[in-house]
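*Asks:*
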Amino acid sequence: MLAALLDEEGDGGGGFSDEEIVDFMVALLVAGYETTSTIMTLAVKFLTENPCALAELKEEHAEIRARKGEAETLQWDDYKSMSFTQCVVNETLRVANIISGVFRRAMRDVSIKGYTIPKGWQVFASLRAVHMDHNHFKDARTFNPWRWQANSGSSSSSSSSSSSSVINVFTPFGGGPRRCPGAELARVELSVFLHHMVTRFSWVPAEQDKLVFFPTTRTQKRYPIIVERRDDS
Ligand code: HEM
9 MLAALLDEEG DGGGGFSDEE IVDFMVALLV AGYETTSTIM TLAVKFLTEN PCALAELKEE
69 HAEIRARKGE AETLQWDDYK SMSFTQCVVN ETLRVANIIS GVFRRAMRDV SIKGYTIPKG
129 WQVFASLRAV HMDHNHFKDA RTFNPWRWQA NSGSSSSSSS SSSSSVINVF TPFGGGPRRC
189 PGAELARVEL SVFLHHMVTR FSWVPAEQDK LVFFPTTRTQ KRYPIIVERR DDS
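First residue of the sequence shown: 9, per the numbering used here; consecutive thereafter.
1) Would you kindly report the start and end of the unbroken alpha helix (DSSP H) that includes Pro59?
2) Which of the three DSSP states is assigned to Phe92 in this structure?
3) Return yes when at least one heavy atom of the ligand HEM lies under 7 Å from the C-beta of Ala39, else no.
4) Counting C-beta neighbours from all protein chains within 10 Å, is the total for Cys60 16 or more, i.e. buried, or is it exposed?
5) Use the C-beta contact count for Tyr123: other C-beta atoms within 10 angstroms, 16 or more gives buried, fewer gives exposed.
6) In whole angstroms, give me the CA-to-CA distance for Asn143 and Gly190.
7) Put Ser164 into one of helix, strand or coil per three-state DSSP.
8) Rounded to whole angstroms, how far is the Cβ of Ser212 from the Cβ of Ile234, which I believe are closer than 8 Å?
9) Examine the ligand GTP and report whether any of its heavy atoms sits within less than 7 Å of the Cβ of Pro223.
10) Quick check on Pro232: buried or exposed, where buried means 16 or more other Cβ atoms within 10 Å of its Cβ?
11) With distance defined between alpha-carbon atoms, name the residue in Ala104, Ala137, Val110, Leu82 nearest to Phe201.
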């Protein structure tokens, strides 16, 4: 990344200044590294606390391993076949709310539900409030990856229970022109991480730990675990 930025000629032909390059690098570290490592930790925590979900995930990944040679790496088709994993990824993103919300400035007066947000005001759109709303997600506080399965019928308790209504309010990566450019990468990273984690290792929590949301979403002790390589891996 750094090499690419240093090589870049830039629009005006003058390349990027050192300050711009530092800005890019720091932004990527904060936006791309902390988020992804935290979501991986929380996925492990949620799965540890939900043995049925972990068992189904293991099954999906064992099937992928079974149709590949021992040293054969994952391919795009393998990723696309991870349907239950995608349910786990969605549900982890929904419950974790790594980014609790986004700021937006009203560019004109905005009327919404009988209120007016005057032009120029800054608003905080709380993604967590929506993801934890029982009107959108039945038993919203429960980690339930199966709610994302097509036609599960349990995804929403609102008037419409179609999965598209859930997708419309599910915005862990924000929305609009500033939507997270790393969204797809983050999903792939988490899926590949889970593949290696569940096919090659078993683990138990080393200590009790707790999810906290302030000032950022994380586990108090970073969720330490004791890991063992699986004999059959
Ligand atoms: C689980 C992982 C991640 C989550 C939950 C997440 C979430 C978000 C959210 C909510 C925003 C604000 C979007 C908005 O204002 O509408 C954002 C912005 C951003 N994210 Fe991510 N992100 C994740 C991973 C990544 C990764 C892996 C990268 C890059 C490698 C990345 C790069 C960025 C950048 C550069 C922005 C600023 C975009 C802009 O302001 O135009 N993120 N992310």
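Backbone N, C-alpha and C define an ideal beta-carbon position, used for all residues, glycine too.
*Replies:* Looking at the atomic coordinates:
1) 59 to 74
2) It is helical.
3) Shortest gap from the CB of Ala39 to any heavy atom of the ligand HEM: under 7 Å.
4) exposed
5) exposed
6) Near 29 Å, if we compare the C-alpha coordinates of Gly190 and Asn143.
7) Here the model assigns Ser164 a pLDDT of 40, short of 50, so the residue's position is not dependable, and the following value carries that caveat. Coil at Ser164, not helix or strand.
8) Per the sequence shown, the amino acid found at residue 212 is Val instead of Ser. 5 Å between Cβ atoms; contact.
9) As for the ligand GTP, it is missing from this structure, which binds only the ligand HEM.
10) exposed
11) Ranking Ala104, Ala137, Val110, Leu82 by CA distance to the CA of Phe201 puts Leu82 first.
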